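Undergrad:
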Amino acid sequence: MRRLITCVGAGVVLYIGLVIAQGGGAPAKAKAATPEIPYDSVPNFFKLPASLYMGEGIGVATNSKGHVFVFTRSGETRLLEFDQNGAFVKEFGVGSYGFAFAHAVRVDKYDNVWAVDEGTNVITKFSPEGKILMVLGKRPDPLDQLSLLPGAGTYSGANKPYSFHRETDVAWDAQDNIFVTDGYSDSRVVKYDKTGRFVKSVGTRGNGPMQFSTPHALAVDASGLVYVADRGNSRIHVLNNDLTAKAMYDNVGAPWAICISQGPHQYLYSSNSFGSGSDWRQAETTGEVYKMELDGKVLGRFGRAGKALKEFSSIHQMDCRNPNELYVAEITAWRVQKILLHPEKMQTNN
Amino acid sequence: MMRFARRVRKDQAYVLIFLAAAIAGGASLGAQAVPDISYDANADFLTLPPNTFLGEVAGVATNSKGHLFVYTRTGHAVATLGDERTFYHGGSRLFQFDQAGKFVKEIGQGTYAMNFAQQVRVDPQDNVWIVDSGSNMVVKFDADGRLQFVLGRKPENIGVRPGPGMPSDGKPPAEPPAGRGAGPEGGRGGGGRGNAVPGIGVPGDSFNRPADVAWDRAGNVYVADGFGANSRIAKFNKDADFQKSWGQTGSGPGQFNKIRGIAIDNAGNIYVADAGNNRIQVFDGNMNYKSEIKNIGTPQAICISGGATQYLYTSNSNDPESMEHGEIYKLRLNGQVVGKFGKAGKMAREFGMVNAIDCRSDTNLVLGEVWNWRAQRVTLR
Chain A
9 MRRLITCVGA GVVLYIGLVI AQGGGAPAKA KAATPEIPYD SVPNFFKLPA
59 SLYMGEGIGV ATNSKGHVFV FTRSGETRLL EFDQNGAFVK EFGVGSYGFA
109 FAHAVRVDKY DNVWAVDEGT NVITKFSPEG KILMVLGKRP DPLDQLSLLP
159 GAGTYSGANK PYSFHRETDV AWDAQDNIFV TDGYSDSRVV KYDKTGRFVK
209 SVGTRGNGPM QFSTPHALAV DASGLVYVAD RGNSRIHVLN NDLTAKAMYD
259 NVGAPWAICI SQGPHQYLYS SNSFGSGSDW RQAETTGEVY KMELDGKVLG
309 RFGRAGKALK EFSSIHQMDC RNPNELYVAE ITAWRVQKIL LHPEKMQTNN
Chain B
331 MMRFARRVRK DQAYVLIFLA AAIAGGASLG AQAVPDISYD ANADFLTLPP
381 NTFLGEVAGV ATNSKGHLFV YTRTGHAVAT LGDERTFYHG GSRLFQFDQA
431 GKFVKEIGQG TYAMNFAQQV RVDPQDNVWI VDSGSNMVVK FDADGRLQFV
481 LGRKPENIGV RPGPGMPSDG KPPAEPPAGR GAGPEGGRGG GGRGNAVPGI
531 GVPGDSFNRP ADVAWDRAGN VYVADGFGAN SRIAKFNKDA DFQKSWGQTG
581 SGPGQFNKIR GIAIDNAGNI YVADAGNNRI QVFDGNMNYK SEIKNIGTPQ
631 AICISGGATQ YLYTSNSNDP ESMEHGEIYK LRLNGQVVGK FGKAGKMARE
681 FGMVNAIDCR SDTNLVLGEV WNWRAQRVTL R
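Chains as they are written, first to last, in our numbering: chain A, 9 to 358; chain B, 331 to 711.
Structure, rendered in structure tokens:
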């Protein structure tokens with residue numbers, strides 16, 4: 009068990025088992041026959057600075073000057089030095105790679121301070137000044153341990169009125185009703201009124217009518233129609249304001265991001281994003297953004313997959329308040345690009 | 331728990347194989363007398379700000395001004411518990427020091443990709459590149475530390491749900507799905523699995539434990555990918571667009587078993603540290619196989635010096651469970667060994683799991699040590 013804990017860089021969730029594993033002791037045979045030694049305990053010996061608190065007291069040792077070293081499991085595991093009167097002197101190894109779960113501290117005859125940490129499998133030797141002089145042991149490669157932690161969820165289909173499961177987008181109509189695509193782990197569109205009261209929810213996972221496979225984005229036009237980017241099915245659903253089916257556009261690739269421009273003549277933009285941003289077999293067939301009329305007529309496209317300027321690596325959201333001035337956020341290029349469209353320079357084939 | 335025990339045995343098996351291979355390599359070394367190169371060393375030349383510590387030093391590299399960049403595993407990777415998933419960040423930091431070893435600044439604080447430092451390199455324009463084998467990413471910063479571009483993508487979350495809590499009942503948890511970060515936008519990594527050819531990976535920048543990065547004279551980028559499921563070299567143009575990849579898992583020419591480093595000489599030849607096969611393979615600029623260099627142990631870090639007459643350095647680093655080996659070889663580019671220096675250990679002048687060599691100058695080297703949490707200056711005489 010201990011090895012398990014030490015192996016995980018962020019083992020916070022795991023140490024309960026260790027506490028349980030430390031059992032109680034057996035009664036001492038000599039207790040009844042041995043006289044008691046009188047003793048006192050010095051109250052409030054350690055003077056901790058404000059905002060510094062002791063955690064589990066795990067290790068304690070003194071040096072030749074009588075300074076006291078305390079190795080404690082606080083929010084972080086910390087190594088604290090106090091003088092012979094209990095006044096705080098300094099802290100050792102703040103944020104050290106070797107501190108995760110304290111186990112012991114010892115001071116050698118040169119007053120070097122050795123910290124034994126069972127969370128990292130590392131023993132750190134500090135000079136009296138707190139400089140790291142040597143490390144023993146090797147903190148395990150956390151990547152080998154990641155599979156032991158909670159991971160990816162699955163489709164829940166829970167369809168609860170006021171709980172989402174990895175929801176993806178939000179939009180509003182002219183009456184301020186609220187529409188939500190929900191999402192990766194549910195697969196539905198939810199409508200609330202402007203006060204946040206649940207009105208309706210439609211959709212299950214699948215590829216049939218009124219089914220979605222990762223509804224990833226949505227937009228509402230001025231007349232109240234709801235456009236849902238059904239990414240996994242490579243189609244855009246158009247829903248009436250009461251979330252009944254109206255139309256379907258399935259000729260613009262996988263809609264990762266959609267938006268509708270403002271103004272008297274609204275346009276619909278949809279990004280057939282280079283989804284992985286890294287599997288370049290997809291680059292030939294993805295990366296472009298489509299400009300459409302609201303009725304689904306495709307007016308044009310721009311962009312291609314790539315990481316250079318003017319290329320799109322994996323668009324995740326777009327803003328098109330102004331139809332010719334777009335902002336696009338890309339996952340795998342770590343950037344947002346401002347795009348200026350010049351439709352007046354378009355060359356038409358017919 | 332059983333599952334974990336199995337895992338440990340497997341690791342031990344790897345270690346045994348590794349040791350056997352290393353011993354075999356060492357035995358063949360005995361056949362030829364390799365001269366010792368005398369050297370001075372300074373393992374304590376960096377000045378850090380208060381309460382800042384180096385952890386495992388995975389990468390070291392100098393720029394044209396002599397500033398040193400250190401990419402180190404320090405602090406902790408932090409997991410954030412979400413509703414259904416666990417996210418992680420942190421765990422590594424990139425520091426810049428001046429010629430005298432004085433701390434200049436930190437670069438990329440809190441960057442999404444900095445999870446498990448693997449390497450840092452400085453290109454001819456003084457851009458600073460980090461390779462992170464935790465996020466499976468390569469990040470390019472300019473000389474001032476501004477983000478230029480990234481290659482690869484970190485898995486969205488830790489990829490497997492083993493069931494409620496830890497498997498404390500002795501029963502193995504469910505088999506994890508392939509790769510980490512499985513999820514609608516995180517279903518990546520694990521490249522090489524499910525492919526007909528092991529280690530060939532996915533064309534593009536889906537890295538699996540990438541090890542190193544290098545550039546040709548045109549500025550094309552070569553990523554050594556890597557020592558996980560992938561065994562390939564991936565090439566990108568200067569805009570980071572994918573060009574091509576080569577390699578698969580194996581022991582033949584053009585095949586790799588745990589790639590640990592890559593370096594390119596002035597003529598454009600590409601040197602790949604094929605650690606699992608105890609050799610450095612040499613390719614031309616189109617990755618056509620030319621030759622292999624053996625009898626240098628297990629190349630865990632390689633470097634080609636600057637200047638007109640270039641030398642190749644390779645470290646036969648100790649593995650974490652032994653203090654054997656650790657020597658660094660100096661070779662001519664044709665593979666002829668000039669000499670060797672150093673041995674494994676924890677004292678000054680000794681080398682602990684060298685993971686990086688900076689050899690901008692062919693006599694003044696900087697080593698990055700994983701075991702000893704330090705950078706060490708070495709001056710060859």
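Where a beta carbon is used, it is the ideal one built from N, C-alpha and C, also for glycine. Model, not experiment: these values are computed from the prediction.
Would you say S561 of chain B reaches chain A, if we count a Cβ-Cβ gap shorter than 8 Å as a contact?
TA: no
Undergrad: Mind listing the chain B neighbours of Q294 of chain A? Cutoff is C-beta to C-beta under 7 Å, in chain order.
TA: Reading the sequence as shown, one finds Thr at residue 294 of chain A and not Gln. Within chain B, no residue comes near T294 of chain A; the closest Cβ sits about 12 Å away, beyond 7 Å.
Undergrad: Could you tell me which chain B residues have their CB closer than 9 Å to the CB of Y105 of chain A, listed as they occur along the chain?
TA: F383, L384, G385, E386, T402, R403, T404, G405, H406, G421 and W703
Undergrad: Helix, strand or coil: how does DSSP classify E352 of chain A here?
TA: Correct three-state label for E352 of chain A: helix.
Undergrad: Taking buried to mean at least 16 other C-beta atoms within 10 Å of its own C-beta, is K168 of chain A buried or exposed?
TA: K168 of chain A is exposed by the Cβ-count criterion.
Undergrad: If you measure from the beta carbon of G482 of chain B to each beta carbon in chain A, is any gap under 8 Å?
TA: yes
Undergrad: Buried or exposed for R510 of chain B, please, with buried defined as at least 16 other CB atoms from any protein chain shown within 10 angstroms of its CB.
TA: For R510 of chain B, the predicted structure reports a pLDDT of 36, less than 50, and the residue's modelled location is therefore unreliable. A value from the coordinates is still provided. The residue is buried, with at least 16 neighbouring Cβ atoms inside 10 Å.
Undergrad: At 9 Å on the CB atoms, spell out the chain B contacts of T340 of chain A, in chain order.
TA: V480, L481, G482, R483 and D535
Undergrad: Mind pulling the chain A residues with CB within less than 8 Å of L477 of chain B?
TA: W342
Undergrad: Quick check: is the beta carbon of K353 of chain A nearer than 8 Å to any beta carbon in chain B?
TA: no
Undergrad: What first and last residue would you give for the beta strand (DSSP E) that runs through E137 of chain A?
TA: From DSSP, E137 of chain A is part of no beta strand (DSSP E); its letter is neither H nor E.
Undergrad: Starting from T176 of chain A and walking both ways along the beta strand (DSSP E), at which residues does that stretch end?
TA: E175 to W180
Undergrad: Can you give me the start and stop residues for the beta strand (DSSP E) that M326 of chain A sits inside?
TA: I323 to N330
Undergrad: Alpha carbon to alpha carbon, what distance is there between S621 of chain B and I610 of chain B?
TA: 9 Å
Undergrad: Can you pull the DSSP bridge partners for D280 of chain B?
TA: Since the first residue of chain B shown is 331 and the last is 711, residue 280 of chain B is not available in this structure.
Undergrad: Beta-carbon of I244 of chain A versus every beta-carbon of chain B: anything under 8 Å?
TA: Residue contact with chain B for I244 of chain A: absent (no Cβ-Cβ distance below 8 Å to any residue of chain B).
Undergrad: Taking 8 Å as the threshold (beta carbon to beta carbon), is K676 of chain B in contact with chain A?
TA: Among the CB atoms of chain A, one or more fall inside 8 Å of the CB of K676 of chain B.
Undergrad: Please tell me whether A110 of chain A has its Cβ less than 8 Å away from any Cβ of chain B.
TA: no
Undergrad: With a cut-off of 8 Å, do at least 3 Cβ pairs link the segment 220 to 235 of chain A to the segment 174 to 181 of chain A?
TA: Counting Cβ pairs under 8 Å, three or more are found: they touch.
Undergrad: Grab me the residues of V390 of chain B's own chain with a C-beta within less than 6 Å of its C-beta, minus the 5 sequence neighbours each way, in chain order.
TA: V400, A686, D688, V696, G698 and A705
Undergrad: For V130 of chain A and F109 of chain A, what's the separation of their Cα atoms in angstroms?
TA: When rounded, the separation of the alpha-carbon atoms in V130 of chain A and F109 of chain A is 10 Å.
Undergrad: If you measure beta-carbon to beta-carbon, which residues of the segment 303 to 318 of chain A are closer than 7 Å to chain B?
TA: G314, K315 and A316
Undergrad: So which residues on chain B does M142 of chain A lean against when the C-beta distance must stay under 7 Å?
TA: K676
Undergrad: Using 8 Å for Cβ pairs, my map puts Y601 of chain B next to I626 of chain B. What's the rounded Cβ distance?
TA: In fact, because the Cβ distance is near 11 Å, the residues do not count as touching under 8 Å.
Undergrad: Taking only runs that begin and end inside the segment 645 to 682 of chain B, name each unbroken alpha helix (DSSP H) of 4 or more residues, in chain order.
TA: At a cut-off of 4 residues, not a single continuous stretch assigned as alpha helix (DSSP H) sits fully inside the segment 645 to 682 of chain B.
Undergrad: What runs of the beta strand (DSSP E), each 3 residues or longer, lie entirely inside the segment 73 to 141 of chain A?
TA: 76 to 81, 85 to 90, 96 to 100, 110 to 115, 121 to 125 and 130 to 134
Undergrad: Give me, in chain order, the residues of the same chain whose beta-carbon lies closer than 8 Å to that of Y105 of chain A; leave out the 5 immediate sequence neighbours on both sides.
TA: T128, V130 and R147
Undergrad: Can you list, in chain order, the stretches of the beta strand (DSSP E) that have 3 or more residues and sit fully within the segment 371 to 438 of chain B?
TA: 386 to 392, 398 to 403, 408 to 411, 416 to 419, 422 to 427 and 433 to 437
Undergrad: Can you pull the chain A residues whose beta carbon is under 7 Å from the beta carbon of D571 of chain B, in chain order?
TA: Those within 7 Å of D571 of chain B in chain A are G314, K315 and A316.
Undergrad: Would G556 of chain B and F537 of chain B qualify as a contact pair, given that the criterion is a beta-carbon distance under 8 Å?
TA: yes
Undergrad: Beta-carbon within less than 8 Å of S195 of chain A's beta-carbon, same chain only, minus the 5 sequence neighbours each way: which residues are those?
TA: Y163, G165, G211, T212, R213, G214, Q219, F220, S221, T222 and P223
Undergrad: Check each candidate in A:M354, A:P35 and A:G314 and name the one with the smallest Cα separation from V480 of chain B.
TA: A:G314
Undergrad: Check the Cβ of V717 of chain B against every Cβ in chain A and list those closer than 9 Å, keeping chain order.
TA: Outside the displayed span of chain B (331 to 711) sits residue 717 of chain B, for which this structure offers no information.
Undergrad: What does a CB cutoff of less than 6 Å around Q270 of chain A pick up in its chain, not counting 5 residues either side in sequence?
TA: These residues qualify, in order along the chain: R329.
Undergrad: Would G31 of chain A pass as an interface residue toward chain B - the criterion being a Cβ-Cβ separation below 8 Å?
TA: With a pLDDT of only 48 at G31 of chain A, under 50, the local geometry of the prediction cannot be trusted, and the value read off the model is given with reservation. It does not; no Cβ of chain B falls within 8 Å.
Undergrad: Please list the partners that S193 of chain A has in chain B, where partner means a Cβ-to-Cβ separation under 8 Å.
TA: E414
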